[in-house]
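In the numbering used here, the protein residues as written are -2 to 156.
By construction, the Cβ of each residue, glycine as well, lies at the ideal position given by its N, Cα and C atoms.
A quick note: this is a predicted structure, and the numbers were derived from the prediction, not measured.
Reading through the structure tokens given below for one structure.
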């Protein structure tokens, strides 16, 4: 993966991005980071911490990558799927409602969410919700969320 531009953010810029994350997601994972780089990619920006892509930046709001969720944990904005859906999600497919077994009730359409498997609770993909959390659970057809980042994609493999 290549970047068009990459530069170190000032602490003031990190605080602003952390505030935007807090407004959008209800938490701030950037509060204690000493050195954060912002890189401009082809279709979105990235925040790089310790040489790894830690956050995706969309509409000037940072969202954690799967590696960041694995390391730090996250108890909100989750969608849980059955074992049958894992194979498709690992290949980058959008999450369909029939595979959803549980979801955070606070999710509304358009929210950033992450998908985890039902057995191990490990994150599989991140994306944008196409319906609310309670609606995902009861729906028997349709797309529950649009995938943005998944295990094994170019963001996951970046070193």
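By the beta-carbon neighbour count (other beta carbons within 10 angstroms, threshold 16), residue 32 is exposed.
Only residues of its own chain outside the window of five on either side were considered, and among them 126 have a CB closer than 6 angstroms to the CB of residue 108, listed in chain order. Secondary structure note for residue 104: it is in no beta strand (DSSP E), with a DSSP letter that is neither H nor E. Counted as a single uninterrupted DSSP element, the stretch harbouring residue 30 is not any beta strand (DSSP E), since DSSP gives it neither H nor E.
With respect to the 8 angstroms criterion, residue 98 and residue 68 are not classified as neighbours on the basis of their beta carbons. Inclusion of residue 134 and residue 62 in the CB contact set at 8 angstroms is not warranted, their separation being larger than that value.
Going by beta carbons, residue 103 and residue 124 fall outside the 8 angstroms limit. Annotated as distal: residue 13 and residue 30, with beta-carbon spacing of 8 angstroms or more. Here the C-alpha atom of residue 85 lies approximately 10 angstroms from the C-alpha atom of residue 96. Taking the CA atoms as reference points, residue 54 sits about 16 angstroms from residue 28. Within the DSSP secondary-structure output, residue 54 pairs in a beta bridge with 42, 59. The C-alpha of residue 76 is placed about 11 angstroms away from the C-alpha of residue 132.
Annotation: the segment 102 to 156 contains the following complete segments of the alpha helix (DSSP H) (minimum length 4 residues), in chain order: 130 to 135, 151 to 154. In the three-state reduction of the DSSP assignment, residue 93 falls in the strand class.
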